[in-house]
Every structure is written in C-alpha cells, then in structure tokens.
Amino acid sequence: MSRLVYVLNGPNLNLLGKRQPHIYGHETLADVERDCRAVAAELRLELRFHQSNREYEIIDWIHAARETAGGIVINPAAFTHYSVAILDALNTFDAPVIEIHISQVHKREEFRHHSFVSARADGVIAGFGTQGYLLALRRIAWLIDEKAG
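If you read the sequence shown in our numbering, its first letter stands for residue 219, the second for the next number, and so on.
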C-alpha cells in the first residue's frame, strides 16, 4: 500500500495563527506543515499538504488521492458542516480517512456539532489543537502498516 498521505485543509486555515488565536492557537499553517513533515519523515510517509478556500479544489485533491494515496487526513473546516460533495468524493476513496478539527467543536456553536465528513471518516480527532494533525498521521501510518501485514 502507498505511503503517500494527503493532508487537506479547508477554508480559512490559511489564516491559522492570525484568525481567532484564542480558539485556534498561534501556530500558522506553515508551522503545522513543518511539524507534519517531521512526523511523516519519522514514519516513512510521503506527504502532499494542501489548503484551499475552494470546495472544488479539495474535491479534486481527493480524486487525485484515489489513484496514489494510502490515506487522507482532512480538516474540512467550515465545509465539515454542509459539504455533501466532499463526503461523496471521500466515499470514492478506498483507504483510511482521518477527520481532524483543531478546536473542540462540540463545545462550540450548535451548527458545528454535525459533520458530513464523519460519515466516511475512519476516525475523528477534535480539540487537540494542531497536535491533532500529528496524531492523525500516526494513526494513518499504523493503518497502512496493518493493511500491509
């Protein structure tokens, strides 16, 4: 099985560290990518790290992952709560998917409590700050290794 993992980030995560740091922390998305790459190297994973404010780009990356990737880590951000299109794309992907959220979404507004993506995700990590990305990569690596035997 491929050791390539796509790490996909939804809208407004390009403002990580600047937007509502009392909720999302002070780390930037560049900090998250750097930390993910360090953990990926330790786990012998190859990463494709992307962020977009456009739903169709995330869908296109999921489609690309179908042909090459052993897993997807996705922080769909606001798309979590209404994107059936992202759910449909993830349903075409036959390897592990881990959904992550930096904040503890269940302690926030009611509309944030529902996730379309969770219907497909093999695991959900929420409320661990940006460390959730690293936990997700460790889980994906374990699932890839388990499937490889």
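All C-beta atoms, glycine included, are put in the ideal place defined by N, C-alpha and C.
The DSSP-derived three-state label of GLN238 is coil. Contact between the segment 281-288 and the segment 240-257 is absent: fewer than 3 CB-CB pairs across the two stretches fall below 8 Å. Per the Cβ contact rule, the segment 297-304 is not in contact with the segment 345-356 (fewer than 3 Cβ pairs under 8 Å). With three or more CB-CB distances shorter than 8 Å, the segment 302-315 counts as touching the segment 331-340. Taking C-beta separations shorter than 8 Å and ignoring five residues to either side along the sequence, the partners of ILE277 in its chain run ALA303, ILE304 and ALA307, following chain order. Separation of the CB atoms of LEU361 and PRO314 is rounded to 4 Å, and the pair is thereby assigned contact status at 8 Å. Taken atom to atom, the span from the alpha-carbon of SER321 to that of PRO239 is near 11 Å.
DSSP places TYR224 within a strand segment (E or B) once states are collapsed to three.
With respect to LEU355, VAL223 sits close: the two C-beta atoms are nearer than 8 Å. Along the length of the segment 258-305, whole alpha helix (DSSP H) runs at least 4 residues long occupy 273-286, reported in chain order.
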